[in-house]
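This report refers to the structure that appears directly beneath it.
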RNA sequence: GGACCCGUAGCUCAGCGGUAGAGCGUUCGGUUCACAUCCGAAAGGCCAGAGGUUCGAGACCUCUCGGGUCCACCA
């Protein structure tokens with residue numbers, strides 16, 4: 212063994228060794244306990260960042276379970292990441308002086324497909340560099356044919372159960388990007404805007420002043436609304452207001468919703484352009500078609516010189532006009548939040564658009580039950596409350612996206628009746644009228660809709676290598692891996708996507724499979740820099756995991772993400788810490804080297820050994836026994852931590868023990884007798900060290916395997932070994 | 001407005017009812033003898049503040065102050 216552990220000589224070779232010899236490949240073994248984790252699929256098109264490196268927790272669990280003798284599957288896949296990827300591709304097009312409008316739908320889709328496929332390998336190799344024990348033989352992509360089919364089937368099932376509906380709802384629409392966004396994708400921007408006070412004349416005499424930040428939308432108003440308890444306005448409720456400049460008549464209505472303290476206490480109601488107004492108007496049975504179109508231009512306002520004018524410009528024109536005619540009372544500055552497009556920064560326009568929605572009420576009810584009853588257990592515990600709150604507040608899910616890069620919604624509109632039907636297979640004839648040419652919805656699914664099905668969609672599509680004969684009937688195909696590994700054991704992901712992903716997997720997963728998609732959820736924290744700031748390119752504090760791996764080795768980077776952290780807490784990562792962990796890896800290596808040197812020595816001095824044996828040093832025997840006892844305690848604690856999902860604690864424990872107790876104390880104390888060939892001392896040190904290698908292996912797989920091979924047949928792996936003391940120390 | 005997390009050594013963080021800890025940094029002393037990517041030693045803390053529970057509180061409870069995150073609302 213070399214003086215220093217040089218990870219560069221080992222990492223790639225060892226990973227290839229593992230992969231080629233099938234150590235990552237899951238089989239179906241009914242005699243073993245299955246343990247399965249589905250890797251949250253990274254964006255196929257993007258490089259990994261430090262957040263992805265946090266999936267090391269999954270590797271820790273997988274490798275631990277392998278050493279426990281369980282049959283493990285860590286399933287790897289890639290996400291098409293709809294909006295994100297299309298955005299990246301469009302930037303790429305822009306560099307070439309083109310845009311998405313230069314292509315038809317099909318060509319654009321195919322181009323993005325090729326673009327993604329070219330880049331996909333990067334991400335996969337980066338996962339390998341991290342040492343992840345992923346089963347590459349079963350890798351999946353969210354746009355694989357069989358996955359798409361599953362997604363279609365789920366949608367059909369939801370549709371058949373009456374949980375899918377089409378509704379004219381307000382969506383956050385970006386008039387520049389030409390697409391709508393989910394609430395989750397909206398970026399809030401705090402600005403100082405204006406509050407405009409406008410006088411509306413009342414037909415019966417007098418006037419009422421309303422305050423608004425969006426004066427141009429008054430042309431789409433359906434009512435003026437006041438609080439029924441507001442004494443100032445009691446007498447105008449039920450009267451008729453004449454909208455300035457156009458003289459359209461609208462009623463004054465009353466609703467608790469109005470806050471009397473805000474503005475003047477009187478509010479204009481514009482159902483087509485404001486989410487709250489939309490809801491209130493619906494309650495009162497009021498509606499008026501939009502006065503802003505999907506390109507951001509005014510329409511149907513009743514004012515010829517305003518129609519077809521861009522909305523920002525229209526606002527100025529209208530204000531000038533209102534002022535000119537004496538309707539504008541005053542303008543005051545006002546702190547407000549703009550909903551903006553995360554892609555281009557344009558202020559999003561709430562616009563009514565027909566979309567597909569999923570009624571989540573029954574789904575979330577069941578999901579809440581599952582979480583509350585611990586059918587799905589959340590680690591760390593504090594996230595349980597948070598998840599329940601998230602589920603309780605879940606509103607109906609808009610799954611339509613107006614982009615090309617995604618799974619096209621399998622919904623078809625009859626040209627004759629305008630009714631819709633949903634079909635998993637490409638229909639040959641209209642299922643409504645039977646003869647028309649029907650048109651498929653142009654929209655694609657929200658990426659999270661396919662992600663929500665990932666656990667069962669992937670497992671169902673895993674082929675059993677032994678029984679390739681498959682039933683052609685799609686609903687009745689054999690799904691041995693699904694049967695064996697589902698529900699999966701643990702879903703491990705960042706706490707930031709509890710809402711977007713975890714909650715939806717539970718809802719959809721249960722709906723489709725009638726069981727939980729995973730038994731445990733383990734959430735990791737965010738990676739931050741030395742100062743506790745989020746890493747971002749603009750701050751220039753981004754640590755590239757691959758650079759660090761190149762410099763310090765994968766084991767060091769992995770260990771640095773875990774060492775000294777609290778479960779679910781954010782991780783502060785610095786180069787210093789990675790360096791410290793590299794030193795620890797070297798320490799592991801050198802303990803092995805010490806043992807190796809002394810083993811060969813003691814075997815060459817066999818004659819001396821027996822002499823040594825007849826003259827026992829009581830001190831050393833005492834130390835050997837002390838070590839044995841102390842290590843038994845460490846083993847017990849280690850396995851308890853794993854049982855409690857306290858992976859960082861288990862690692863901290865090993866770090867402290869291996870370095871500061873085992874190496875610094877015991878080896879130093881027993882050094883003399885080891886070097887003079889004491890068999891007892893050598894054996895005990897080797898036994899403990901062997902077990903330590905196994906216990907460290909989930910965290911630092913490379914160095915432990917490299918050392919392991921130094922003591923064993925080179926064709927074997929530490930991954931074949933099993934914890935020896937497990938029966939004594941833990942109960943399953 | 002609702003919820004959650006965090007204030008512990010110079011810095012970044014562990015500690016979850018019983019003698020204040022780690023990594024990095026600092027100071028001093030050590031390399032033929034596994035490792036200088038090392039070893040030994042040292043300095044450095046009213047554990048944010050105030051009450052309370054307890055024989056005993058960084059730890060549990062209440063409040064205050066300070067930092068962060070998520071959600072809701074914003075005419």
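Numbering (this note's numbering), first residue to last: 212 to 943. Note that CB positions come from ideal geometry on N, CA and C, so glycine has one too.
(message) Please classify residue 640 as buried or exposed, where buried requires at least 16 neighbouring CB atoms within 10 angstroms.
(response) exposed
(request) Please say whether residue 545 and residue 559 have beta carbons closer to each other than 7 Å? (result) no
(request) Might you give, ordered along the chain, the residues of its own chain that have their beta carbon closer than 6 Å to the beta carbon of residue 877, omitting 5 neighbours on each side? (result) 838
(message) To test your reading of the DSSP string, which unbroken beta strand (DSSP E) runs of 3 or more residues are found completely within the segment 230–261?
(response) 245–249
(message) Does the segment 277–284 come into contact with the segment 242–251, if we say contact requires no fewer than three beta-carbon pairs (one atom in each stretch) closer than 8 Å?
(response) yes
(message) Let me check understanding here. Comparing Cα to Cα, which of 493, 909, 464 lies closest to residue 378?
(response) 493
(request) Can you tell me which of the three DSSP states residue 534 falls into? (result) helix
(request) Report all residues from its chain with a CB closer than 7 Å to the CB of residue 337; omit the five preceding and five following residues, and keep chain order. (result) 258, 259, 757
(message) Could you pull the DSSP bridge partners for residue 547 from this structure?
(response) 402
(message) With the cut-off set at 7 Å, would you say residue 574 and residue 718 are in Cβ contact?
(response) yes
(message) Can you check which of these residues, 650, 627, 723, 632, is closest to residue 665 by C-alpha distance?
(response) 723
(request) Leaving aside the five residues before and after residue 926 along the sequence, list all residues of the same chain whose C-beta is less than 7 Å from its C-beta, in chain order. (result) none
(message) Please return the same chain residues whose Cβ sits closer than 6 Å to the Cβ of residue 343, not counting the five positions on each side in sequence.
(response) 270
(request) Pick out whichever of 483, 524, 416, 411 has its Cα sitting closest to the Cα of residue 459. (result) 411
(message) Going by DSSP, what residue range makes up the beta strand (DSSP E) through residue 391?
(response) 390–392
(message) Less than 7 Å between the beta carbons of residue 663 and residue 702, yes or no?
(response) no
(request) Return helix, strand or coil for residue 691, following the three-state DSSP convention. (result) helix
(request) Could you tell me which uninterrupted beta strand (DSSP E) segments, each at least 3 residues in length, are contained entirely in the segment 427–461, listed from first to last along the chain? (result) 434–437, 451–453
(message) Using 8 Å for Cβ pairs, my map puts residue 286 next to residue 349. What's the rounded Cβ distance?
(response) 6 Å
(request) With DSSP collapsed to three states, give me the class of residue 307. (result) coil
(message) With distance defined between alpha-carbon atoms, name the residue in 844, 874, 421, 264 nearest to residue 784.
(response) 264
(request) Use the C-beta contact count for residue 547: other C-beta atoms within 10 angstroms, 16 or more gives buried, fewer gives exposed. (result) exposed
(request) Leaving out five residues on either side along the sequence, give the residues of the same chain with a beta carbon under 6 Å from the beta carbon of residue 931. (result) none
(message) Are the CB atoms of residue 499 and residue 423 within a distance shorter than 7 Å?
(response) no
(message) Which residue wins for smallest C-alpha separation from residue 645, given the options 623, 652, 660?
(response) 623
(message) Considering only the alpha carbon of each residue, which of 528, 588, 654 lies closest to residue 567?
(response) 654
(message) For residue 438, count the other beta carbons within 10 Å of its own beta carbon; 16 or more makes it buried, fewer makes it exposed. Which is it?
(response) buried
(request) Using only alpha-carbon positions, find the residue among 588, 369, 443 that is nearest to residue 854. (result) 588
(request) Decide if residue 409 is buried, meaning its Cβ has at least 16 other Cβ atoms within 10 Å, or exposed. (result) buried
(message) Looking at residue 606: is its Cβ nearer than 7 Å to the Cβ of residue 579?
(response) no
(message) As an exercise, report each continuous alpha helix (DSSP H) stretch of at least 4 residues that is fully enclosed by the segment 720–799, in chain order.
(response) 756–763, 765–773
(request) Using the Cα positions of residue 594 and residue 571, report the straight-line distance between them to the nearest angstrom. (result) 21 Å
(request) With distances taken Cα to Cα, identify the nearest neighbour of residue 803 among 738, 763, 873, 362. (result) 873
(request) Find out if the Cβ-Cβ distance for the pair residue 430, residue 563 is shorter than 7 Å. (result) no
(request) Might you give, ordered along the chain, the residues of its own chain that have their beta carbon closer than 6 Å to the beta carbon of residue 316, omitting 5 neighbours on each side? (result) 615
(request) Kindly indicate the opening and closing residues of the alpha helix (DSSP H) around residue 368. (result) 356–371
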